[in-house]
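S.K.:
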Amino acid sequence: MTTHSDWDIATGVGFTALVVAAGRAVESGRPHRLIDDPYAAELVRAAGTGTPLTTDPSEADPVMAHLADHMAVRTRCLDDWFDRACSAGVRQAVVLASGLDTRAFRLSWPEGFRLFEIDRPRVLEFKDSVLSGRRPACERRTVGVDLREEWSGELERAGFDRTVPTAWLAEGLLPYLPARAERRLLETVHSLSAPGSRVAVEQLRRIDLTGDVVPKLPTTEWGVDLTALFAPEDKPDPAGLLGELGWRTSRRDLPRIAASYDRRLPSEETLAPLTGNTAMLCAELPE
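My numbering applies: residue 44 is where the sequence shown begins, and numbers increase by one.
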């Protein structure tokens, strides 16, 4: 694994946030889009990396088009998950490794909703600088800390209330974490969760990311070594740990989720191993 002390938006895992934002921008420009993110293209352009990340659907090559499909379904699924959490009375959320997530700005939130974003300080500073002057649709608070360090204290000092139900989101995070770090993260989430809390994580089943997926990405043009970012070892199913801690879990494969939105994810395209082995794991802590 690489060291992560110097993550910013143009390098390492920080750069993957730009790729995700580019995918959201491409989807947002399509006529039958599943999501509308009016900030995604602006964030990509502001990074000024010189890397050829298109935000225009008419200019998207097959790799970016497939990434946009993947991000569209993933993003819409989790947008709807937040909507259900709000309908159930949840009024507090934490986005772990939030990257360039814009849900605080682009979704409709109930009055008094509080959303915390946790990520490396330089990533949050970049996003705040680009979106300065834009008003979030909820009470947004940022927590600049590395999730591999102790972060619960920083979260509580930012105003997090562990006595009320929370919606926790780990979107595109777990593949980068070694097994011990992943377990520690989920155990910390549990320790901070009141009954009625919810968790959603994007999960990759056993797949050789470095052999089946990364070689098909334009990493030379991107100027980033993705193979050094992913956790190399096999890891236990996070559903097992959450179940041990008393959470009720459910899981849906991304292609099935896509079908529920009348969106077909290509099964034989460049990134089919990634899309076909991605699932959304959701859990609730009984009241």
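Glycine is no exception: its CB is placed at the ideal position from the N, C-alpha and C atoms.
State the beta-bridge partners of Asp296 as determined by DSSP.
M.R.: Ala322.
S.K.: Please report how far the alpha carbon of Ser151 lies from the alpha carbon of Thr231, in whole angstroms.
M.R.: Near 28 angstroms, if we compare the C-alpha coordinates of Thr231 and Ser151.
S.K.: On the three-state DSSP scale, how would you describe Ser48?
M.R.: Confidence in Ser48 is poor, its pLDDT being 43 and thus under 50, which makes the residue's placement unreliable; the coordinate value appears in the next sentence. Coil at Ser48, not helix or strand.
S.K.: If Ser240 sits next to Pro208, beta carbons under 8 angstroms apart, how far is it from one beta carbon to the other, in whole angstroms?
M.R.: Their Cβ separation, rounded to whole angstroms, is 5 angstroms, which keeps Ser240 and Pro208 in contact under 8 angstroms.
S.K.: From the DSSP output, which residues share a beta bridge with Phe159?
M.R.: In DSSP, Phe159 forms a bridge with Val137 and Arg184.
S.K.: Check the C-beta distance from Arg306 over to Leu121 and give it rounded, since I have them as a contact under 8 angstroms.
M.R.: The Cβ separation is near 15 angstroms, so there is no contact.
S.K.: So, are the CB atoms of Leu198 and Val137 less than 9 angstroms apart?
M.R.: Yes.
S.K.: Give a yes or no on contact between the stretch 123–141 and the stretch 80–91, applying the rule of three or more CB pairs nearer than 8 angstroms.
M.R.: No, the stretch 123–141 does not touch the stretch 80–91.
S.K.: Exposed or buried, His109, counting other C-beta atoms within 10 Å across all chains shown (16 or more means buried)?
M.R.: It is buried - the Cβ of His109 has at least 16 other Cβ atoms within 10 Å.
S.K.: Identify the continuous alpha helix (DSSP H) that holds Trp124 and give its terminal residues.
M.R.: Here the alpha helix (DSSP H) through Trp124 covers Pro105 to Ser130.
S.K.: Nearest to Asp99 by CA position, among Leu220, Ala68, Phe125 and Phe156, is which residue?
M.R.: Here the closest residue by C-alpha is Ala68.
S.K.: Thinking C-alpha only, which one of Ser101, Val242 and Trp194 is nearest Arg73?
M.R.: Nearest C-alpha to Arg73: Ser101.
S.K.: Locate the beta strand (DSSP E) running through Val244, then write down its first and last residues.
M.R.: Val244 -> beta strand (DSSP E) spans Arg241 to Leu247.
S.K.: If the criterion is Cβ atoms closer than 9 angstroms, does the pair Val87 and Ala65 meet it?
M.R.: Their beta carbons are under 9 angstroms apart, which means Val87 touches Ala65 by this criterion.
S.K.: Go through its chain and collect everything with a Cβ distance to Asp49's Cβ below 6 angstroms, but skip five positions before and after it.
M.R.: Low confidence applies to Asp49: its pLDDT is 48, below 50, so where it sits in the model is not reliable enough to give any reading.
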